[in-house]
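Asker: Residue numbers (the working numbering), protein chains in the order written: chain A, 5 to 557; chain B, 4 to 282.
Even for Gly, the Cβ is constructed at its ideal location relative to N, Cα and C.
Since this is a predicted model, take the numbers as computed values, not measurements.
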Amino acid sequence: MLVRLKGAVVYDPMHGIDGRRMDLFIRDGIMVPAPRRDTRIDHTYDVRDRIVMAGAIDIHTHIGGGKVNIARALLPEDHMPYAVQGSPILRAGSGHAVPTSFITGYRYAEMGYTACFEPAMLPANARHAHAEMADVPIVDTGAYALLGNDDFLLRLLAGKTGQKVINDYVAWIVNATHAHGVKVVNPGGISAFKFNQRDLDLDVRHEHYGVSPRRILKALARAVHELGICHPLHVHGCNLGVPGNAETTLKTIAAVEGLPLHLTHVQFHSYGREGDRGFSSAAARIAEAVNSNPNISIDVGQVMFGQTVTASGDTMLQYRGRRHAHPKKWVCMDIECDAGCGVVPFLYRDHNFVNALQWCVGLELFLQVRDPWRIFLTTDHPNGAPFTTYPRLIRLLMDRAFRAEMLDRIHPEARKSSILDSLDREYSLAEIAIMTRAAPARSLGLQTRGHLGRGAAADITVYEPNRNAERMFSKPALVFKDGVLVVRDGKVIQSTSGQVHATRPAYDRGIERVLKQYFDRYHTVSLGNFRIGSDELLGFGRSAISVHPCVPR
Amino acid sequence: MSDVTFELRRQPETWLDLSALTPDKLHGHTLTAIKAIRLRCGRRAGNVGDLFQVSGDDPLSLRFVDACRSFVRLGHGMTRGRIRVNGHAGHYLGQDMRGGQITVRGSAGNWLGAGMSGGSIEISGDAGDFIGAAVAGAMHGMTGGNIVVGGNAGKRAADRMRRGTILVLGDAGDFAGSRMIAGTLLILGLARTGVGYGMRRGTIVLGRMPAHVPVTFNDCGRLKMEFLRLLFKQTADSRKRFGYFREFGPEARRFAGDIAAGGQGEILVLLNASRRRSA
Ligand SMILES: [Zn+2]
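The following block contains the structure:
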């Protein structure tokens, strides 16, 4: 079946196409070059003057796994007023900050997103995380395995084990859990919390293992690099949310000595300690460091005002933030000695100095990091805001007047202490296409996603041009997933099942002997049951496993 | 003007969400418009007109003549007007209600008046669990208004209640007044296990001495409390048939607690309420 999108205005940064009018062709879900003139075209969509991009990719969004479910259970009030009726083609569901899995998929698709990556999959929870993401319809999914607070790795590091064994362990975990990348959250800090340490800066030693976060970070960054996993180590650093943490963030960048690193929700890690309130923006310094270190990429974790819930593996941080819970309830727990989990509902207020400044810090980062290929659009859903606020965020980036208008409404002191009104950069459509499509695809090593060239999967979003970017990006005219029309006029008209993206770094089987002993002695499941089989994974309901090659270095 | 009356055409097979049919939401609607409103019934949806026979012309006064257990969320969030029900009014009757009046000749299910902040609900028969309580996840139950249950109440009546008055003329199930933050719960009949469990403040008035008062309540002995006289007078004045409340004396045995939760609430067991209500 050959389908044509006629008269599209295409933004495809991977191929340097910036608003060129052209026809696009899809054959059986794959992008193909223009066929010979006499080829029969089965269906033509007239998309004249409409803006066409590849489907968007969210590189960091919490959509599956234990903490999301705990957040749902903790907040019935996030669900009762947001019930969605099912229909013959769509499942019922509910939720605003942490929607049910089906609603998550529909809402993402309705914004033109076709792939979402869960950044914090605890290996011990991987089975559940995948099963849950298999119920996120339409979009492709993938996950990063969370390491760096697990007893096994910390033992290896404490025992001064060589990098080779660490690499084998990391590779084994990635294979066993069908992960696409590796993430570290508050390196060592979640574990240290269980030993009654309430903070852990980059060079402070873990009381029990005697290992510093710097050590963990370097070992993991090296492992990911040497194994050739495409996406660099995904780092949620130390001291999240603590005033003055920009120093730690800068030290973190220096610590990896040029190895590739992805720093996530950097907004929460870019705070200074200046001013009367001891809280200021250090976005300029962080942006400068990102600009001058090409090995670093970031996603922002923008804060948007309103009710949401923060869900993180970082127990240390969440315990610190429990006093700010709104409504007043919170959960912190350990998960299988692998890491932790903390859920604290939160209301970001524009009239609150700290929240307003957080909002400014995020935007300052967006506007001061020059290379859109190394900065990705996220709100760290749901931690900074639900993902449904993306269209508004895009408008804030593209529309200076709107930004100024919003800036007028926030806490005046925050406004004064931010340089935001002096930043007049406006993102272009091409830059938005880079940061939401091409760049994440490149960072994740997805060769057939994030672009519209020959051989790409036909994940396509067609927007009705509108001067109001929020309106334009919240309601695409058409969305195709693997060539299937799934959304028309901003509403899902057909539900499909996406693929799961994974990577399979090679490792020395010898590690399994060591691991088996460890599992037999300490773990709640056996090694064989811990590992998820490919058949089992597909049995959860994804359409395919898309394995991305590793290039060992 | 006559009440807008809803008569079920047939029993719904599963729960029927009636939150769309409140006086404030229907105000200004014609009968035809009301019949066209979509209601959720389990996984499906249906028109009011297909589910009910509808008549009348005053949407500020609604009447459900043969209500059934499948009803849910009747009177949800209503702010004014009146709803009268004959039969079983279902779960979540008057949840989050802010004003107006609901009267039921018959009984109601769980979460009657849960989270309500104003208005009044009166049912002649029994009510289910969690009346005037906090729905799952909510940090407080009812914050205003009053509820009268003519029969018995289920478990956990007034759970996390914060303000307002609940009057149960019959008995109440286990854990009545659990986790109360404030407000008044009056049970003329018998209260069962765990009355006042975890209460912080507020008053539970009991017409009869329960078999067990939790050990985490301090017995303060017999007291004469003028506030009780006011409460009974107000109750007696509110409805003619509550005239007998005037004869209750202000003497009570007072228990303070729940100490286990650092609470400063009280359970007052009336010493002079032997004259039981007339049926
Ligand atoms: Zn995150």
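Check the C-beta distance from ALA113 of chain A over to THR440 of chain A and give it rounded, since I have them as a contact under 8 Å.
Answerer: That pair is no contact at about 14 Å.
Asker: Since I believe VAL272 of chain B is in contact with MET228 of chain B (beta carbons under 8 Å), could you give me their beta-carbon distance rounded to a whole number of angstroms?
Answerer: That pair is no contact at about 12 Å.
Asker: Please report the distance separating the alpha-carbon of THR319 of chain A from that of ALA343 of chain A.
Answerer: C-alpha separation (whole angstroms): 8 Å.
Asker: Using DSSP with H/G/I as helix, E/B as strand and the rest coil, what is ASN113 of chain B?
Answerer: Of the three classes helix, strand and coil, the one that applies to ASN113 of chain B here is coil, per DSSP.
Asker: So, is the C-beta of MET183 of chain B closer than 8 Å to a C-beta in chain A?
Answerer: So no, MET183 of chain B is outside the interface.
Asker: DSSP on GLU10 of chain B, reduced to helix/strand/coil?
Answerer: Strand, per DSSP.
Asker: If you measure between the beta carbons of LEU237 of chain A and PRO191 of chain A, is that distance less than 8 Å?
Answerer: The answer is no: Cβ separation not under 8 Å.
Asker: Do ALA239 of chain B and PHE230 of chain B have their beta-carbon atoms positioned less than 8 Å apart in this structure?
Answerer: No.
Asker: Closer than 7 Å to a non-hydrogen atom of ligand 1 - does that hold for the CB of HIS64 of chain A?
Answerer: Under cutoff, so the answer is yes.
Asker: For the region 446-455 of chain A and the region 388-404 of chain A, state whether three or more C-beta atom pairs, one from each stretch, are separated by less than 8 Å.
Answerer: The answer is no - the region 388-404 of chain A does not touch the region 446-455 of chain A, with fewer than three Cβ pairs under 8 Å.
Asker: Just list the alpha helix (DSSP H) runs in the region 139-209 of chain A, keeping only unbroken ones of 4 residues or longer that don't cross its boundaries, in chain order.
Answerer: With a minimum length of 4 residues, the continuous alpha helix (DSSP H) runs that stay inside the region 139-209 of chain A are 155-162, 167-180, 193-198.
Asker: Express the C-alpha separation of TYR117 of chain A and ARG44 of chain A in angstroms, rounding to a whole number.
Answerer: Cα-Cα distance, rounded: 30 Å.
Asker: Anything in the region 133-146 of chain B with a Cβ closer than 9 Å to a Cβ of chain A? List those residues in chain order, please.
Answerer: The residues in question are VAL138, ALA139, GLY140, ALA141, MET142.
Asker: Check whether the Cβ of PRO123 of chain A lies closer than 7 Å to any heavy atom of ligand 1, and answer yes or no.
Answerer: Under cutoff, so the answer is yes.
Asker: Does the beta carbon of ASN153 of chain A fall short of 7 Å from some heavy atom of ligand 1?
Answerer: It does not: the Cβ of ASN153 of chain A is nowhere closer than 7 Å to a heavy atom of ligand 1.
Asker: What does DSSP give as the partner residue(s) for SER301 of chain A in the beta ladder?
Answerer: The partner list for SER301 of chain A (beta bridge, DSSP) reads A:HIS266.
Asker: Take the Cβ of ILE150 of chain B as the centre, count every other Cβ of all protein chains shown within 10 Å, and call the residue buried at 16 or more, exposed below.
Answerer: Answer is buried; the Cβ neighbour count reaches 16.
Asker: Counting only Cβ pairs nearer than 8 Å, list the residues of chain B close to LYS332 of chain A.
Answerer: By Cβ distance, chain B contributes MET142.
Asker: When you compare the CB of GLN89 of chain A with every CB in chain B, is at least one pair closer than 8 Å?
Answerer: Interface residue, yes.
Asker: Measure the CB-CB distance between SER5 of chain B and ASP53 of chain B and report whether it falls below 8 Å.
Answerer: In this structure, ASP53 of chain B does not lie closer than 8 Å to SER5 of chain B by Cβ.
Asker: Are the C-beta atoms of ALA96 of chain A and some chain B residue less than 8 Å apart?
Answerer: By this cut-off, ALA96 of chain A is an interface position.
Asker: Closer than 9 Å by beta-carbon distance: list the chain B residues that pair up with LEU79 of chain A, in chain order.
Answerer: Within chain B, the residues near LEU79 of chain A are GLY140.
Asker: Looking at the unbroken beta strand (DSSP E) that takes in GLY147 of chain B, where does it start and where does it end?
Answerer: 146-152 is the span of the beta strand (DSSP E), which, as asked, contains GLY147 of chain B.
Asker: Beta strand (DSSP E) containing THR319 of chain A: first to last residue?
Answerer: Run containing THR319 of chain A: none in the beta strand (DSSP E); it sits in the alpha helix (DSSP H), 319-325.
Asker: Assuming ALA141 of chain B and GLU292 of chain A form a contact by the criterion Cβ under 8 Å, report the distance between their Cβ atoms to the nearest whole angstrom.
Answerer: Rounded, the Cβ-Cβ distance is 47 Å, inconsistent with contact.
Asker: Taking ASP62 of chain A as part of the beta strand (DSSP E), name the residues at either end of that continuous run.
Answerer: 60-62 is the extent of the beta strand (DSSP E) around ASP62 of chain A.
Asker: Between the alpha carbons of MET183 of chain B and THR312 of chain A, how many angstroms are there, rounded?
Answerer: Near 28 Å, if we compare the C-alpha coordinates of THR312 of chain A and MET183 of chain B.
Asker: Measure the alpha-carbon distance for THR500 of chain A versus ALA389 of chain A and round it to whole angstroms.
Answerer: Whole-angstrom Cα-Cα distance: 26 Å.
Asker: For LEU254 of chain A, collect the residues of the same chain with a Cβ closer than 8 Å to its Cβ; drop the 5 residues on either side in sequence, then sort them by chain order.
Answerer: ARG289, ILE290, ALA293.
Asker: With a threshold of 6 Å on Cβ separation, who are the neighbours of SER64 of chain B within its own chain once the five nearest residues in sequence on each side are excluded?
Answerer: Taken in chain order, the residues that qualify are ASP6, ARG85.
Asker: Taking the DSSP output, what are the residues bridged to THR312 of chain A?
Answerer: THR312 of chain A pairs with A:PHE350.
Asker: Suppose the cutoff is 7 Å on Cβ atoms and the five residues either side in sequence are ignored; what does the same chain contact list for ALA23 of chain B look like?
Answerer: Answer for ALA23 of chain B: ILE40, LEU42, listed in chain order.
Asker: Around the C-beta of ARG12 of chain B, are 16 or more other C-beta atoms found within 10 angstroms, so that it is buried, or is it exposed?
Answerer: Per the 10 Å Cβ criterion, exposed.
Asker: Distance, Cα to Cα, ALA250 of chain A vs SER274 of chain A?
Answerer: Rounded to the nearest angstrom, the two C-alpha atoms are 5 Å apart.
Asker: Starting from the Cα of GLY115 of chain A, find the closest Cα among A:THR48, A:HIS184, A:MET476, A:GLN306 and give me that residue.
Answerer: In the sequence on display, residue 115 of chain A carries Met and not Gly. Selected option, being the one with the closest Cα: A:MET476.
Asker: Between GLY59 of chain B and ASN113 of chain B, how many whole angstroms is the CB-CB distance? I'm expecting something under 8 Å.
Answerer: The Cβ separation is near 29 Å, so there is no contact.
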